[in-house]
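Peer 1:
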Amino acid sequence: MYKYLLCWRYLRTRYIALASIISVTLGVATMIVVNSVMAGFSEQMRDRLHGVLSDITIDSHRSEGFRNPDEVMALVRESVGDRVEAMAAAIETPGMATIHFNGENYTRPVQIMGIEPEERAKTGDFAQYLVDEKERRMPPSFHVGRDLKMKAPAARFLDPNEKDPFQDVINNDVNFQVPDFGAITGWSVASVHRPDVNKDIFIAPRGAKIILSFVTAAREPKPASDSFAVVAFSKTGMSEYDSTHVYVPLKRLQQLRGMGDGEGRGAVNQIQLKVRKGEDLSKMALTLGEALTRKWPLVFEVRTWEQKQGPLLAAVAVEQSILNILLFFIIAVAGFGILAIFSMIVVEKTRDIGVLKALGASTSGVRGIFLGYGLSLGIVGSGVGMLGGLLFVWNINAIEKWLSKVTGRKVFDDAIYYFPEIPTKVEWFTVAWIVGGALTIAVLASIWPAHRASKLHPVRALRFE
Amino acid sequence: MSVHLSAIGLEKSYRKGKIQVPVLRGVDLEVEHGELVAIVGASGSGKSTLLHVLGLLDGPDAGSVQLSGERIDNLSEHRRDVLRNRTFGFIFQFYHLLPELSALENVMAPLMIRHGVRAYLAQRKMIRKEATALLERVGLGHRLTHRPAELSGGEMQRAAIARALAGSPEFLLADEPTGNLDAATGQSVLELLRDLNRERGLTMMLVTHDAHIAAQTDRTVRLAEGRIEEWATVLA
Numbered sequence: 038m039y040k041y042l043l044c045w046r047y048l049r050t051r052y053i054a055l056a057s058i059i060s061v062t063l064g065v066a067t068m069i070v071v072n073s074v075m076a077g078f079s080e081q082m083r084d085r086l087h088g089v090l091s092d093i094t095i096d097s098h099r100s101e102g103f104r105n106p107d108e109v110m111a112l113v114r115e116s117v118g119d120r121v122e123a124m125a126a127a128i129e130t131p132g133m134a135t136i137h138f139n140g141e142n143y144t145r146p147v148q149i150m151g152i153e154p155e156e157r158a159k160t161g162d163f164a165q166y167l168v169d170e171k172e173r174r175m176p177p178s179f180h181v182g183r184d185l186k187m188k189a190p191a192a193r194f195l196d197p198n199e200k201d202p203f204q205d206v207i208n209n210d211v212n213f214q215v216p217d218f219g220a221i222t223g224w225s226v227a228s229v230h231r232p233d234v235n236k237d238i239f240i241a242p243r244g245a246k247i248i249l250s251f252v253t254a255a256r257e258p259k260p261a262s263d264s265f266a267v268v269a270f271s272k273t274g275m276s277e278y279d280s281t282h283v284y285v286p287l288k289r290l291q292q293l294r295g296m297g298d299g300e301g302r303g304a305v306n307q308i309q310l311k312v313r314k315g316e317d318l319s320k321m322a323l324t325l326g327e328a329l330t331r332k333w334p335l336v337f338e339v340r341t342w343e344q345k346q347g348p349l350l351a352a353v354a355v356e357q358s359i360l361n362i363l364l365f366f367i368i369a370v371a372g373f374g375i376l377a378i379f380s381m382i383v384v385e386k387t388r389d390i391g392v393l394k395a396l397g398a399s400t401s402g403v404r405g406i407f408l409g410y411g412l413s414l415g416i417v418g419s420g421v422g423m424l425g426g427l428l429f430v431w432n433i434n435a436i437e438k439w440l441s442k443v444t445g446r447k448v449f450d451d452a453i454y455y456f457p458e459i460p461t462k463v464e465w466f467t468v469a470w471i472v473g474g475a476l477t478i479a480v481l482a483s484i485w486p487a488h489r490a491s492k493l494h495p496v497r498a499l500r501f502e
Numbered sequence: 198m199s200v201h202l203s204a205i206g207l208e209k210s211y212r213k214g215k216i217q218v219p220v221l222r223g224v225d226l227e228v229e230h231g232e233l234v235a236i237v238g239a240s241g242s243g244k245s246t247l248l249h250v251l252g253l254l255d256g257p258d259a260g261s262v263q264l265s266g267e268r269i270d271n272l273s274e275h276r277r278d279v280l281r282n283r284t285f286g287f288i289f290q291f292y293h294l295l296p297e298l299s300a301l302e303n304v305m306a307p308l309m310i311r312h313g314v315r316a317y318l319a320q321r322k323m324i325r326k327e328a329t330a331l332l333e334r335v336g337l338g339h340r341l342t343h344r345p346a347e348l349s350g351g352e353m354q355r356a357a358i359a360r361a362l363a364g365s366p367e368f369l370l371a372d373e374p375t376g377n378l379d380a381a382t383g384q385s386v387l388e389l390l391r392d393l394n395r396e397r398g399l400t401m402m403l404v405t406h407d408a409h410i411a412a413q414t415d416r417t418v419r420l421a422e423g424r425i426e427e428w429a430t431v432l433a
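From first to last, the protein sequence lines stand for chains A and B.
Under my numbering, residues 38 to 502 are what the first sequence spells out, in order.
Under my numbering, residues 198 to 433 are what the second sequence spells out, in order.
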């Protein structure tokens, strides 16, 4: 009983020991904040990656793709049945986008995706990311409406009564300026971020012409290009996608690249699969890969979205674990602080230890006082750290706003990260690990001083001056 | 009267650097039940060491200590801890109260050491009552919640005596209990000890170098150069 009473009294009267655990507190708080923010970021990122990529993708790396998407889809249905909810064929090919702006041509490397928007929307979150310049939601469609046509410079010469004999010529001009085929471009393909005014300036607003250049799918590839009218923007928040992806109608791209047979049966080089919830994706990808390889060897590669983005996801995981290791060193350093202060306290308490032994306290009892003291310090330190860390995480956006106001500059620039707020996710398992680790370190650091205290000879302890 | 505690041929030496310094060189001593014995002697004569060896705070190099005829100096560490807690009560020159605890908690300390958490909680009221009664007995009923730092020297020694009495020990060992007090306070502390000796039939052994104090005990034992020099029996 005396152990607990003395622990409690030491805890309340030795402020220097409380000072030694401030580093435990800070370490625990920092680890919780960092882990929560990183978990929030990576969850958001995974959400977006997953949304853009669909569950499983079947790719063919031949530039002419494959001419039998229906047969491939049939085989998929045959081997995994109704576990697949939706499938969409697509063409993915590298190319260039040229935008005419302010009398200059701007050319950017892009990834051109030929898709059927309605189908594509069923296999992932494609439709959810479609917006106009003001970030209002747009439907998944390539339709170039009358409103866009009217944005052409020539459109103001159109006579509403169609009496003008030059009407056809003007219409030709309008169609040249705003092409009939629509394209959905990545947000950053069509815009330039101006940090000085913190705004995205659109060089290709809706209705603007974008010229896409690519190579044909023939044995001897030839350059080809065509113009499209921008109808919407895809803003996923993943800069890798938003700065490269351009979506165009699948049939038009097949035609331009010479991949269609003119009878509606065109070649594609990719099929996206949406899988029923709860399925084991990598297992299913393996099954599909085997089935496809058996029928068409060396044509297809089947990957889950995680496998496709493996290096990126792995990089985030590595970053997080390195940060954790570094931060845990802080707590380890705090352990040495506890060790030093405890050794001093044991020296200071030498006579009291002698008295306790004279009163009949056992060796293990005396050891228990100091181990218990170390544990209580750990509990206080990591408890306060946990509370502080969680409060920080839960109010991180308010803190960010306040910091931005005080320092006069944006701490968290949503234009860089695309997140309107700092995403956080408290994983209780991680929190438990951090707190448990800190407690262990506090107890480990008190073992040696506690052992020394318990081994003190009572007479020598009583005579200690 | 029967022999309560006896020392047989006790020898003890300390190592100071490379030299062995003999402190006790064959001490034979018998203390009877209910006796109040004073041990006197010059500084360094081994008074305190004798007390420590008898109270099992230290072990002898040779010889033995017997409690009611049974040897106790060679018991296991645990049994010796229990004996210190239940059979012996210690009083020190510098009181040695635990500064973090109140007077009452200091007195309760031996009982808290004796009992585990559950046993303590079950008997908490009784233990508290006993400790309060002891503090009242030594005249500190109004100082229960005071910390040692808030007590005077005499009060601290009274609290230490109350602590030594907690848990009803049979044998009190006092190492210069008046050595740090002025004459009047020292006298009152001694009177308290004598009263307790009579009231409770406690066997007591006190180390002192004050002849005036020694004269008020049942018997005085003089220690010189680590040996018992003479036995002076004073009228009981």
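Think of the CB as a built atom: it goes at the ideal place given N, C-alpha and C, for glycine as much as any other residue.
Computed from a predicted structure; not experimentally measured.
Which of the three DSSP states is assigned to Y211 (chain B) in this structure?
Peer 2: Of the three classes helix, strand and coil, the one that applies to Y211 (chain B) here is strand, per DSSP.
Peer 1: Determine the extent of the alpha helix (DSSP H) in which S116 (chain A) is found, giving its start and end residues.
Peer 2: That run of the alpha helix (DSSP H) goes P106 to V117.
Peer 1: In the DSSP assignment, the beta strand (DSSP E) including I136 (chain A) goes from what residue to what residue?
Peer 2: That run of the beta strand (DSSP E) goes V121 to F138.
Peer 1: Quick check on F287 (chain B) - is its C-beta less than 9 Å from some C-beta in chain A?
Peer 2: By this cut-off, F287 (chain B) is an interface position.
Peer 1: Taking the alpha-carbon positions, what's the L264 (chain B) to V370 (chain A) distance?
Peer 2: Using only the alpha carbons, I get a separation of about 51 Å.
Peer 1: The stretch 394-406 of chain B: which residues have C-beta closer than 7 Å to a C-beta of chain A, in chain order?
Peer 2: So the list is empty, because no residue satisfies the distance condition.
Peer 1: Using a Cβ-Cβ distance under 9 Å, would Q217 (chain B) count as near chain A?
Peer 2: Chain A contact via Cβ: absent.
Peer 1: Do you know offhand how far N434 (chain A)'s Cα is from L440 (chain A)'s?
Peer 2: For N434 (chain A) and L440 (chain A), the distance between alpha carbons rounds to 10 Å.
Peer 1: If you measure from the beta carbon of P257 (chain B) to each beta carbon in chain A, is any gap under 9 Å?
Peer 2: Not an interface residue.
Peer 1: Grab me the residues of G77 (chain A)'s own chain with a C-beta within less than 8 Å of its C-beta, minus the 5 sequence neighbours each way, in chain order.
Peer 2: Answer for G77 (chain A): I459, P460, T461 and K462, listed in chain order.
Peer 1: How far does the beta strand (DSSP E) with V285 (chain A) in it extend, from its first residue to its last?
Peer 2: Per DSSP, V285 (chain A) belongs to the beta strand (DSSP E) from H282 to P286.
Peer 1: Against E274 (chain B), what residues of chain A qualify as contacts under a CB-to-CB distance less than 8 Å, listed in chain order?
Peer 2: In chain order: S399 and T400.
Peer 1: Is P307 (chain B) close to chain A, meaning its C-beta is less than 9 Å from at least one C-beta of that chain?
Peer 2: It does: the Cβ of P307 (chain B) has a partner Cβ on chain A nearer than 9 Å.
Peer 1: Tell me S250 (chain A)'s beta-bridge partners as DSSP assigns them.
Peer 2: The partner list for S250 (chain A) (beta bridge, DSSP) reads A:M133 and A:S262.
Peer 1: Excluding five sequence neighbours on each side, which residues of the same chain lie with their C-beta closer than 7 Å to the C-beta of A192 (chain A)?
Peer 2: If we look at A192 (chain A) and ignore the five residues flanking it on each side, its Cβ neighbours are K186 and V211.
Peer 1: Please look up how many angstroms separate the CB atoms of Q307 (chain A) and I149 (chain A), rounded, as I've assumed it's under 8 Å.
Peer 2: The pair is not a contact, with the Cβ atoms about 12 Å apart (cut-off 8 Å).
Peer 1: Mind checking E385 (chain A): buried by the 16 CB within 10 Å criterion, or exposed?
Peer 2: So E385 (chain A) counts as exposed.
Peer 1: Closer than 7 Å by beta-carbon distance: list the chain B residues that pair up with A395 (chain A), in chain order.
Peer 2: Chain B residues near A395 (chain A): L254, R281 and F287.
Peer 1: Can you look up A421 (chain B) in the DSSP assignment and give me helix, strand or coil?
Peer 2: Reduced to three states, the DSSP call for A421 (chain B) is strand.
Peer 1: For a contact defined as C-beta to C-beta under 9 Å, what are the partners of R489 (chain A) on chain B?
Peer 2: Within chain B, no residue comes near R489 (chain A); the closest Cβ sits about 17 Å away, beyond 9 Å.
Peer 1: For L408 (chain A), would you say it is in contact with chain B, using Cβ-to-Cβ distances shorter than 9 Å as the test?
Peer 2: Not one chain B Cβ lies under 9 Å of L408 (chain A).
Peer 1: Can you give me, in chain order, the residues of the stretch 41-54 of chain A that have a beta carbon less than 8 Å from any beta carbon in chain B?
Peer 2: For the stretch 41-54 of chain A, which is checked against every Cβ of chain B, the residues closer than 8 Å are Y41, L42, L43, R46, Y47 and T50.
Peer 1: For R281 (chain B), which residues from the same chain have a beta carbon less than 6 Å from its beta carbon, with the 5 sequence-adjacent residues on both sides left out?
Peer 2: Once the five neighbours on either side are set aside, the close Cβ partners of R281 (chain B) are L253.
Peer 1: Looking at C-beta atoms only, is the number of pairs between the stretch 56-70 of chain A and the stretch 336-349 of chain A that lie closer than 8 Å three or more?
Peer 2: Judged by Cβ distances under 8 Å, the stretch 56-70 of chain A makes no contact with the stretch 336-349 of chain A, as fewer than three pairs qualify.
Peer 1: Apart from the five residues just before and just after V431 (chain B), which ones in its own chain have a Cβ nearer than 6 Å to its Cβ?
Peer 2: Confidence at V431 (chain B) is low in this model, with a pLDDT of 46, below 50, so its placement is unreliable and the value that follows should be read with caution. Hits under 6 Å: none found.
Peer 1: Output the distance between the C-alpha atoms of A238 (chain A) and K311 (chain A), rounded to the nearest integer angstrom.
Peer 2: Correcting the residue identity first, residue 238 (chain A) is Ile in this sequence and not Ala. Between I238 (chain A) and K311 (chain A), the C-alpha separation is close to 35 Å.
Peer 1: Counting C-beta neighbours from all protein chains within 10 Å, is the total for T50 (chain A) 16 or more, i.e. buried, or is it exposed?
Peer 2: With fewer than 16 Cβ atoms within 10 Å of its Cβ, T50 (chain A) is classed as exposed.
Peer 1: At what residue ranges does the stretch 248-280 of chain B contain a whole run of the beta strand (DSSP E), taking only runs of 3 or more?
Peer 2: 259-264, all fully within the stretch 248-280 of chain B.
Peer 1: Using a C-beta to C-beta distance shorter than 7 Å, which residues of chain A count as neighbours of I236 (chain B)?
Peer 2: Under the 7 Å cutoff, chain A gives no residues; its nearest Cβ is about 16 Å from I236 (chain B).
Peer 1: Assuming P197 (chain A) contacts S264 (chain A) (C-beta within less than 8 Å), just tell me the rounded distance between them.
Peer 2: The pair is not a contact, with the Cβ atoms about 26 Å apart (cut-off 8 Å).
Peer 1: Is there a C-beta anywhere in chain A that falls below 9 Å from the one on R355 (chain B)?
Peer 2: Answer no: the Cβ-Cβ gap between R355 (chain B) and chain A never drops below 9 Å.
Peer 1: What does the Cβ neighbour count give for W224 (chain A), buried or exposed, with the cut at 16 atoms within 10 Å?
Peer 2: Under this definition W224 (chain A) is a buried residue.
Peer 1: Take the Cβ of R114 (chain A) as the centre, count every other Cβ of all protein chains shown within 10 Å, and call the residue buried at 16 or more, exposed below.
Peer 2: By the 10 Å Cβ count, R114 (chain A) comes out exposed.
Peer 1: Strictly under 9 Å for the Cβ-Cβ distance: is V335 (chain B) near chain A by that measure?
Peer 2: It does not; no Cβ of chain A falls within 9 Å.
Peer 1: For a cutoff of 9 Å on Cβ pairs, would you count P339 (chain B) as touching chain A?
Peer 2: Inspection of the sequence shows that residue 339 (chain B) is occupied by His rather than by Pro. No, H339 (chain B) lies away from the interface with chain A (no Cβ there is under 9 Å from its Cβ).
Peer 1: Can you give me the C-alpha to C-alpha distance between E333 (chain B) and F429 (chain A), rounded to a whole angstrom?
Peer 2: The alpha-carbon atoms of E333 (chain B) and F429 (chain A) are separated by roughly 53 Å.
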